[in-house]
Amino acid sequence: PLDSRVISITTLKGGSATNVIPSEVVLGGRHWFLSEKGRQNSWSRMEEMAKGVAAAYGSEASLERPNPEHYPPTVNDPNLWSFLKEVGSAASVSGEVLEMEAPTMVAEDFSFFQETVPGLFVFLGQGSGLESM
Numbered sequence: 004p005l006d007s008r009v010i011s012i013t014t015l016k017g018g019s020a021t022n023v024i025p026s027e028v029v030l031g032g033r034h035w036f037l038s039e040k041g042r043q044n045s046w047s048r049m050e051e052m053a054k055g056v057a058a059a060y061g062s063e064a065s066l067e068r069p070n071p072e073h074y075p076p077t078v079n080d081p082n083l084w085s086f087l088k089e090v091g092s093a094a095s096v097s098g099e100v101l102e103m104e105a106p107t108m109v110a111e112d113f114s115f116f117q118e119t120v121p122g123l124f125v126f127l128g129q130g131s132g133l134e135s136m
């Protein structure tokens, strides 16, 4: 099954002089995942890689988890999705609801809501308008 993850290092802080090796360097960033298992695996793999690279250079590394620990994965409720497809096809001019072929790594506040109440995160559109030209 698809369980992709994306890790982006977006900040690098260390030292303040161009001719002195800093005693500490801090990397920061974000990670996205498609499942809770992916989130857990991301943390263990990042820690494993950071400590391995640091050890290869005779140094040490540690990871600090933010609180809250980023966004949970945004996962649609299957029963609500079935209902939406049925209602959406009846309301659609073409009679169809397009389903995305692959999940996306949206990181939304909505995912916290979905941890408590079943929900759907959908992309609504009405077409490009070019079909009638």
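Quick note, our numbering runs 3 ahead of the 1-based positions in the sequence shown.
Note that beta-carbon positions come from the ideal geometry of N, C-alpha and C, so glycine has one too.
Are the beta-carbon atoms of residue i and residue j separated by less than 8 Å?
i, j, result
"Phe-36", "Arg-8", "yes"
"Pro-76", "Arg-42", "yes"
"Gly-91", "Val-100", "yes"
"Ala-53", "Leu-66", "yes"
"Arg-33", "Thr-14", "no"
"Phe-124", "Phe-115", "no"
"Ile-10", "Ser-38", "no"
"Tyr-74", "Glu-111", "yes"
Among the residues of its own chain, which have a CB less than 6 Å from the CB of residue i, if the five just before and after it don't count?
i, result
"Lys-16", "Val-29"
"Ser-26", "none"
"Ala-64", "Ala-53, Lys-54 and Ala-57"
"Ser-47", "none"
Apart from the five residues on each side of it in sequence, which residues of its chain come closer than 7 Å, Cβ to Cβ, to residue i?
i, result
"Gln-117", "Thr-77 and Val-78"
"Val-109", "Thr-77 and Phe-124"
"Gly-143", "In the structure as shown, the chain starts at 4 and stops at 136, and residue 143 therefore has no counterpart that could be examined."
"Glu-50", "Leu-66"
If residue i and residue j are in contact, beta carbons under 8 Å, what's the gap, nearest whole angstrom?
i, j, result
"Leu-87", "Pro-121", "Incorrect: roughly 12 Å between the Cβ atoms, too far for contact."
As a quick exercise: from the options, pick the residue whose alpha carbon is nearest that of residue i.
i, options, result
"Met-103", "Val-96, Ala-94, Thr-119 and Gly-128", "Gly-128"
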